[in-house]
Amino acid sequence: MSNQHSPRFVLVACLLVIVFAFPNVFAAEDWRPVTPEELSMTKGKVEADADAEAIFWEITVDDASADLVMRHYVRVKIFNERGRDKFSKVDIPYIKGIKIKEIEARVIKPDGTIVELAKDDVFDREIVKGNDVKVKAKSFAVPNIEPGVIVEYRYKEIHRKSSANHMRMVFQRDIPMQYVAYYFKPYGDVRYLTFNMSGNKFEKVKGNMHRAELSNVPAMKEEPYMPPEDEVRSWMLVYYMNADENITHTDIWSSVGYYVAKAYEIKDTLKPGKKMRAAAEEIIGSAATDEEKIKKLYDFCVRRVKNLSFSPEITETELDEIKLNSSDDDTYKKLQGRSEEVNKLFASLADAAGFETRLAFTGDRSEMFFNPRRAHASFIHLAGVAVEMNGRWHYFDPGDPFVPYGTLAWYEENTSVFLLAYKDYITTTTPMLGYRDSKETRKGDFTLNADGTLEGTVSMEYTGHLSYRHKLRNFDVSENQREEFIKEEIKSRMSTAEVSAISIENLNEPDKPIVYRYKLRIPNFAQKTGSRLFIQPGVFEYGTTARLASDSRTYDVYFPFPWSESDDITIRLPEGFEIDSGEKPAPVADSSGIGSLTINIGIEASTNLLKYKREFHFGGGGNIFFPVESYKPVKTMFDLFHKADTHTITLKKIAAE
Amino acid sequence: MSLVSRFPLALAFLLTLLSSGFAIGDSAPQWLREVAAGSNPQYDKDVPAVVLLDEENVTLGSDGKLKIVRKWAIRVLTLEGRGLARARAFYLASTEKVSDLDAWAIDPRGNVKEFSKKDVLDIISDTDDVYNEGRVKVVDASGEMSVGSVFGYTVTTEYRPLFFQDVFQFQTRLPTLRSRYILNLPQGWKAESLTFNHAELQPRVAGTSYTWELGGLAPIPPEPMSPSISNLVPLIAVNFTPEAGPETTNKAFGDWKDVSVWATGLYDDKVIINDEIAAKARELTAGAETEMEKIKAIGNYVQNLQYISIDIGVGHGNGYRPRPSDLVLERGYGDCKDKATLMRAMLRALKIDAFPVAIFSGDPTFVRKEWASPRQFNHCIIAVRVGADTHSHTIVDHPTLGRLLMFDSTDDLTPVGDLPTHLQGSHGLVIAGETGGLVQMPVVPAEVNTLERTVDVRLAENGTIKGSIEENTKGQTSAYERLLFKKSAKDDYRKVIEGWLTDGATAAKLVSFEPRDDFLDSAFNLKVDFEAPAYGQLMQNRLLIFRPAIVSRSRSIYLTEKERTNPVQLESRSFLERASIALPSGFSVDEVPEAVDLKSEFGSYSTSYTVEEGKLLFERKMTMKNATVPASAYASVRDFFSKVLEAEQAVVVLIRD
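The listed protein sequences derive, respectively, from chains A and B.
Numbering (numbering that gives the first Met the number 0) for the first sequence: 0 to 656.
Numbering (numbering that gives the first Met the number 0) for the second sequence: 0 to 656.
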């Protein structure tokens, strides 16, 4: 369902408030007392297995004056050598306009003995120095650090004539923290968005000083198939804007929309002139239906317009020095442009051809799950073009020649989208390709020798988002590197495999699936005993491991998009052998149709040909996200898939007559 | 041809130049234009670039300063080769000066881009050190390059050398058309060279100017398990001395004894035994009775101090000079030299003599005994003089210093009594004044570097296995297990075990695991309880097949290419597994794989299968020797490992009674 808003862009200036300036009132404090409990800790309070645990991690952000002043104060208990290694050295990087001052550090041993960091043990290093870049770091080694000690350090960070606007405040790090707090003194009205720390907010503690805090925060971890980091880490985004509660996220998006529309010159794009109308007419030619017309325009943008963003023969410097096109007319005239310019040309042509057309701004699912109720301009980007046909919005991204026709990139699907015109915007959700649309089709025609060697020819075809991934990986590397990618992928599963005669088709064909073809030889593919051969007819799954190995899980499970696989394999069996046991594995499927695997094995007796067909899909019904509570059934399902995929059949020597 | 018809072409050419980074005014120096004008042979498509010229022109001034002018040029052959277009000049901030760094790119059409000072980045060379005055000036031209482009640079570096010695490597892995080292000496000086990895190379001599030159050097493909590049590429080591002989300068060395004498002056006065050091040594060895126990106690303390490197004054020789032992103890951290020095001081407090040993870490074949030079070392360990009652595989008999126990006081994974693999067999310099010299490190026998695995499982009728695995590792194999254990958080360590368990048995569930590190005995023990449903595959309710090699910590081999250019390097180690698999009742063994018994000059491998009281007893054993197998014998190594892999995949067939 989509919502259209009336044309009421609100000027951001109206939302911004007067800047209040406060003097800097935060003076350095003494080291806080260390409690006997802290001294005697032998394991983590938040995570018993922790290598080190922050007793507190506090950052004071004083934005009340022209300079932004931040004070960091960290106290960490070290439990083992890994914790020691992590905190043995502290680097505080800074750039021009930032000063690092008042660095102090000390180590408190379990018996209470204190070792202070000597002032001359702090080094000021120039990490990188260039014409327009200078990165420095203040560094020091923590003296006498060993398991059991408490390390604490603090320093002041002054950002000259800077502000905390749009600052990300991090409440979860790579070690557990008993207490983490940001003290914030803003210069004016401030808004903030919280992520993965529900119920938390800034509260006024003294004067204009606010505090947001969390207790008992576990360390960040990495797991396979987890959501993007911003979806699991606790963090906060602060920005200055009128704190009036009556200003809703809709108002904010209206403001953002106003400026985005200006920045992208959407009016010029979606109010095409005579030249563009003539161009559209010429390109469309005799096309009759709406679909045909749009396809013609799309093909023109993808095939006739040189996309500078996807031209590996153009060096980075050459690209930097090619001027941006002055308008969509200019792009059309030059027949070249960057990704964004190609998209705008397509939008302009579609509009000129009489289609209701808008620029589509979406979130990025590879970074964060975008929720418009949490409004901030940095969460959206130009994803493509929306064209209305038959009462429905259709999405196109001709600016990226590898995104399939009529779709967006996978991370722009199934996310909220703003469809911007120059007067208004519409909010809706982008559709997601089904598992049938992103398909891997593998065919193998093999011969098995009596010594267990398998050899033959292979073709692998990818459509949808799978095709997108493969094309993107291959387009700007050499032919040799493309072959290496294939070899590495195969050898990671079958180290003895020999791959030759590799060819890649349709790499630069926007509408066609990418296809790999090669010859494959695998010595010792079949295992032998005195009278039998054992083979895994699912050759393409040979050597794979289960997707979810771990029995335990912290985070939700998340797959980028639904996909399917289809294998068609023939294996000519060696003479003198016959099938001893060749039953197929039982199908695996869930009742909701989320995933399924069906394998059929047949024998053509006259030719001694084994035929293996495999159909697999996952993500049915758009189910690609699974809460951590459902980890076990998801894992079980993938274990069953894997078991069926590695199913073995037996060949037996034919007894001599 | 008329001017009118030529004009558009000229204009187009001008526009092309202006639209790229290649400016009309830029010109390349004569030497670069000459090498760029030449052609190069056709190489395999995996060769990313060819070096057209690599030249170092070194001049020793009468004031003792060295001036080095380097010229280097490559032609890019593939898209990946673009990343090699970088100029790099290392220098020490306090003592060395990079006076000129000029670089040019010439595109395939002959247009030249000259890089200016603003393109130079000055970067710290080692970001891990708290302070390191080593820096690198870099010009990154990769963004300018296309296939066929030439990149070249000249750089001038000036410094006062610590020694009158130099090394020149004639190529990297890239093919090199022309490579030369030119040395210009003051009157009354002479140069001598040693050639490695190539027939002896004689310089062309003109007065006191020497030129060593090679050309047409073929690419060196990267191959797994091959010797390091320093053992493959032609290189020369050069000594330059006054005619009067090296003894007239303290910057040249006649033999290893000279190096020892020189280094002793840097080390010995840093061994300071104050009350704290003596007390700490007594405290650590309070319960120790034997000499070995004392050395272990001190060694264990020192190797667990935090490793921190602070390199100041390297150009003045401080890179070879440790910090005083009392300061190291006070700070509680240090680098390899600092740790060896502190350990010497502590041992001396206990009346045990020890000597620092300069060595190369990372490649046991790196140090060439023919060339007496401290430039060959990058690490420091310790040699402890021990009595006749102390026994260890890491003791060497020195003709004058007696029995020396070698120990790496920096490596916190290898205890006293063992040596890291990358040091075993290496040449190291025992720094002991007139009695010091080069010594070859011991090679620990394979039977000390072992993995012994006991597998005790029960196979159920439905194919489920349940049981335990116990692994006992010793020597450097235990160091590897220790590395996994010590450097991984508990959750991550669990995932490592789950990873290799599920790799061998799909859907295996890790029930429990119990690691035990007997560090001082160089042993590591791991017990794992697990179960895996459907490990065995039941066929037609009649046959039950399974792999008796349930755990395979490495299912892949690296030697899969049919041919090879370089020798194969093998490390000594041994492995023994005894598996007891209780078979389900109602089944009997129908077939077991044939026992394997492989023997070669570099190792052996065997398997055996015995059925006894309802159990299958499976044993596999491997012993590898430290060996460098020439490329001509590559097929035998490849065949050996292929047969091992085949044996590990073999299956047992049970049949229902």
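Yeah, the Cβ is synthetic: ideal placement off N, Cα and C, and Gly gets one too.
Checklist entry - Hey, would you say valine 111 of chain B sits closer than 9 Å to arginine 74 of chain B, going by beta carbons? => result Contact: no.
Item to check | Reduced DSSP category for valine 395 of chain B - H, G, I as helix; E, B as strand; rest coil | outcome: In this structure, valine 395 of chain B counts as strand in the three-state DSSP scheme.
Checklist entry - Hey, does methionine 538 of chain B have any beta-carbon neighbour from chain A nearer than 9 Å? => result For methionine 538 of chain B, the answer is yes, since a Cβ of chain A falls inside 9 Å of its Cβ.
Item to check | alpha helix (DSSP H) segment containing lysine 293 of chain B, residue limits | outcome: Where lysine 293 of chain B is concerned, the enclosing alpha helix (DSSP H) stretches over 290-302.
Item to check | Inter-residue spacing [alpha-carbon to alpha-carbon] between glutamate 591 of chain B and phenylalanine 533 of chain A | outcome: At residue 591 of chain B the sequence reads valine, which differs from the glutamate that was named. Taking the Cα positions, valine 591 of chain B is about 13 Å away from phenylalanine 533 of chain A.
Checklist entry - Between B:Pro441, B:Arg563, B:Ser551, B:Asp267, which lies nearest to glutamine 648 of chain B when the distance is taken from Cα to Cα? => result Ranking the options by Cα distance to glutamine 648 of chain B, first place goes to B:Ser551.
Item to check | Of the listed residues A:Ser563, A:Lys442, A:Tyr611, A:Thr645, nearest to threonine 543 of chain A (C-alpha basis) | outcome: That would be A:Thr645, whose Cα lies nearest to the Cα of threonine 543 of chain A.
Item to check | Unbroken beta strand (DSSP E) run spanning phenylalanine 360 of chain A, endpoints | outcome: It spans 356-361 - the beta strand (DSSP E) in which phenylalanine 360 of chain A sits, taken as one unbroken run.
Next on the checklist: Taking 8 Å as the cut-off, is the beta-carbon of lysine 583 of chain A closer than that to any non-hydrogen atom of the ligand HEM?
Outcome noted: The ligand HEM is absent from the structure shown, which contains no ligands of any kind.
Checklist entry - CB alanine 660 of chain A to CB arginine 357 of chain A, shorter than 9 Å? => result This structure does not reach residue 660 of chain A, given that chain A is present from 0 up to 656, and the question cannot be answered.
Item to check | Residue span of the beta strand (DSSP E) that contains leucine 193 of chain B, given as start and end | outcome: Here the beta strand (DSSP E) through leucine 193 of chain B covers 188-195.
Next on the checklist: Counting only C-beta atoms, is histidine 735 of chain A closer than 9 Å to chain B at any point?
Outcome noted: This structure cannot speak to residue 735 of chain A, because chain A is shown only from 0 to 656.
Item to check | Beta carbon of proline 532 of chain B nearer than 9 Å to that of asparagine 448 of chain B | outcome: Pairing proline 532 of chain B with asparagine 448 of chain B gives a Cβ-Cβ distance that is not under 9 Å.
Checklist entry - How would you list, in chain order, the residues of chain A whose beta-carbon sits under 9 Å from the beta-carbon of arginine 619 of chain B? => result Under the 9 Å cutoff, chain A gives no residues; its nearest Cβ is about 15 Å from arginine 619 of chain B.
Item to check | C-beta contact flag for phenylalanine 617 of chain B and glutamate 576 of chain B at 9 Å | outcome: Yes, the pair counts as a contact, with Cβ atoms nearer than the cut-off.
Item to check | Neighbour-count burial assignment, glutamine 302 of chain B, 16 or more Cβ in a 10 Å radius | outcome: Buried, because 16 or more other Cβ atoms sit within 10 Å of the Cβ of glutamine 302 of chain B.
Checklist entry - For chain B, is any of its Cβ atoms less than 9 Å away from the one on phenylalanine 533 of chain A? => result Among the residues facing chain B, phenylalanine 533 of chain A is included, as its CB has a counterpart in that chain under 9 Å away.
Checklist entry - What is the C-beta distance between aspartate 567 of chain A and lysine 612 of chain A, in whole angstroms, given that I count them as a contact (C-beta under 8 Å)? => result Indeed, because the Cβ distance is near 6 Å, the residues count as touching under 8 Å.
Next on the checklist: Which residues does DSSP list as the beta-bridge partners of glutamine 164 of chain B?
Outcome noted: In the DSSP assignment, glutamine 164 of chain B is bridged to B:Asn238.
Checklist entry - Do alanine 464 of chain A and isoleucine 513 of chain A have their C-beta atoms closer together than 9 Å? => result The residue you asked about is not alanine; residue 464 of chain A is histidine in the sequence shown. No, the Cβ-Cβ distance between histidine 464 of chain A and isoleucine 513 of chain A is not below 9 Å.
Checklist entry - Quick one: which chain B residues come within Cβ less than 7 Å of phenylalanine 122 of chain A? => result Neighbours of phenylalanine 122 of chain A on chain B, chain order: Val129, Tyr130.
Item to check | Any C-beta of chain A under 9 Å from that of alanine 48 of chain B | outcome: Not one beta carbon of chain A lies nearer than 9 Å to the beta carbon of alanine 48 of chain B.
Checklist entry - Residues of chain B with CB under 7 Å from glutamine 526 of chain A, in chain order? => result Within chain B, the C-beta atoms nearer than 7 Å to that of glutamine 526 of chain A come from Gln648, Ala649, Val650, in chain order.
Checklist entry - If we cut at 9 Å on Cβ distances, does phenylalanine 139 of chain A have a partner in chain B? => result Yes, contact with chain B.
Checklist entry - Would a check of beta-carbon distances place tyrosine 479 of chain B closer than 9 Å to chain A? => result Contacts with chain A at 9 Å (Cβ-Cβ) do not include tyrosine 479 of chain B.
Next on the checklist: Please tell me whether threonine 41 of chain A has its Cβ less than 9 Å away from any Cβ of chain B.
Outcome noted: Answer no: the Cβ-Cβ gap between threonine 41 of chain A and chain B never drops below 9 Å.
Next on the checklist: Using only CA atoms, which one of B:Glu329, B:Glu292, B:Trp261 lies nearest to lysine 279 of chain B?
Outcome noted: When the alpha-carbon of lysine 279 of chain B is set against those of B:Glu329, B:Glu292, B:Trp261, the nearest one is in B:Glu329.
Checklist entry - Just curious, the beta strand (DSSP E) that tyrosine 604 of chain B is in, first and last residue? => result Annotation: the continuous beta strand (DSSP E) that includes tyrosine 604 of chain B extends over 602-611.
Checklist entry - chain B partners of valine 556 of chain A, CB-CB under 8 Å? => result Within chain B, not a single residue places a beta-carbon under 8 Å from that of valine 556 of chain A; the smallest gap is close to 15 Å.
Next on the checklist: Measuring only the C-alpha atoms, how far is alanine 660 of chain B from threonine 505 of chain B?
Outcome noted: The structure shown does not extend to residue 660 of chain B, since chain B is modelled only from 0 to 656, so the question has no answer here.
Item to check | Cα-Cα separation, proline 573 of chain A to glycine 581 of chain A | outcome: Cα to Cα, proline 573 of chain A sits roughly 15 Å from glycine 581 of chain A.
Next on the checklist: Do valine 650 of chain B and glutamine 526 of chain A have their beta-carbon atoms positioned less than 9 Å apart in this structure?
Outcome noted: In this structure, valine 650 of chain B lies closer than 9 Å to glutamine 526 of chain A by Cβ.
Checklist entry - Count the other CB atoms within 10 Å of the CB of tyrosine 154 of chain A; is the residue buried (16 or more) or exposed (fewer)? => result It counts as buried.
Item to check | Closer than 9 Å at the beta carbon, the chain B residues around serine 87 of chain A | outcome: What serine 87 of chain A touches in chain B: Gln305, Tyr306, Ile307, Tyr332.
Item to check | Any C-beta of chain B under 9 Å from that of isoleucine 91 of chain A | outcome: Judged by the 9 Å Cβ criterion, isoleucine 91 of chain A is not in contact with chain B.
Item to check | Burial state of serine 587 of chain B (16 or more Cβ within 10 Å) | outcome: Classification for serine 587 of chain B: exposed.
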